[in-house]
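Below you'll find the structure, written out as structure tokens, and then a few comments.
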Amino acid sequence: MTLPHAKLIERLDEVTGIGVRTAEIILAEIGPSVQNWSSAAKLACWACICPGNHESAGKRKSGKRRKGQRWLVTALVEAAWAASRSKDTYLASQFHRLRARRGAKRAAVAVAHSILTIVYHLLKDPTASFQDLGGDYFLKHNKEQEQRRALKTLRSLGYDVVLTPVTA
Numbered sequence: 001m002t003l004p005h006a007k008l009i010e011r012l013d014e015v016t017g018i019g020v021r022t023a024e025i026i027l028a029e030i031g032p033s034v035q036n037w038s039s040a041a042k043l044a045c046w047a048c049i050c051p052g053n054h055e056s057a058g059k060r061k062s063g064k065r066r067k068g069q070r071w072l073v074t075a076l077v078e079a080a081w082a083a084s085r086s087k088d089t090y091l092a093s094q095f096h097r098l099r100a101r102r103g104a105k106r107a108a109v110a111v112a113h114s115i116l117t118i119v120y121h122l123l124k125d126p127t128a129s130f131q132d133l134g135g136d137y138f139l140k141h142n143k144e145q146e147q148r149r150a151l152k153t154l155r156s157l158g159y160d161v162v163l164t165p166v167t168a
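Residues in the sequence shown are numbered from 1 upward in steps of one, following this note's numbering.
Below is the structure:
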């Protein structure tokens with residue numbers, strides 16, 4: 001069962017970074033149904049938005065993505081750049097985390113991959129709705145790691161800190 005195109009565009013427009021024009025391009029390239037792909041990973045592979053995986057003799061070679069689906073990839077990366085500029089959203093925080101380690105362009109492609117995964121699940125299940133996890137998702141997800149990172153930063157600045165839990 002597929003929804004009318006206007007309803008699908010409206011649902012895709014709710015995703016951070018996707019506008020009406022981008023939703024139209026996505027539907028034009030993918031179609032209103034994702035039954036051709038058994039998983040979001042296979043859709044990403046078809047769209048050539050997944051990272052390359054070239055390994056030989058235990059050494060990782062270039063991780064460039066393949067060329068293909070030019071209009072779809074361009075629209076998704078543009079949506080990723082728009083999402084990176086949004087305030088207090090999961091996709092923006094994902095972009096900024098990855099940009100620090102991998103660079104801005106690779107972070108944009110990774111966020112575009114996440115957007116395509118969201119689109120897959122929205123098109124697959126007509127009852128699904130998009131709910132943003134929030135900009136502080138990564139802080140809440142692994143509190144111990146964030147505590148270690150903050151302590152390491154304070155120690156590098158010359159402070160000695162002892163953590164005590166706050167009672168409510």
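Glycine included, C-beta positions come from ideal geometry on N, C-alpha and C.
Supposed close pair residue i, residue j - CB separation, criterion 8 Å
i, j, result
"ALA107", "LEU98", "4 Å"
"THR16", "SER86", "5 Å"
"LEU72", "ILE26", "7 Å"
Span separating the alpha-carbon of residue i from that of residue j
i, j, result
"TRP46", "ALA104", "23 Å"
"HIS54", "ARG60", "6 Å"
"ALA23", "SER38", "21 Å"
"VAL109", "VAL77", "6 Å"
"VAL111", "PRO51", "12 Å"
"PRO32", "TYR137", "30 Å"
"TYR120", "ARG155", "44 Å"
"ALA79", "VAL34", "20 Å"
"ARG149", "LYS143", "10 Å"
"LEU139", "GLN145", "9 Å"
"LYS67", "ARG102", "20 Å"
Limits of the alpha helix (DSSP H) - the one that residue i falls within
i, result
"SER84", "70-84"
"ILE26", "20-30"
"VAL111", "104-124"
"GLN147", "143-156"
"LEU163", "Taken as a continuous stretch (DSSP letters only), LEU163 belongs to no alpha helix (DSSP H), as it is neither H nor E."
"TRP46", "40-47"
Residue i, DSSP secondary structure in three states
i, result
"LYS64", "coil"
"SER93", "helix"
"MET1", "With a pLDDT of 49 at MET1, under the threshold of 50, the predicted position of this residue should be treated as unreliable, and no value is reported."
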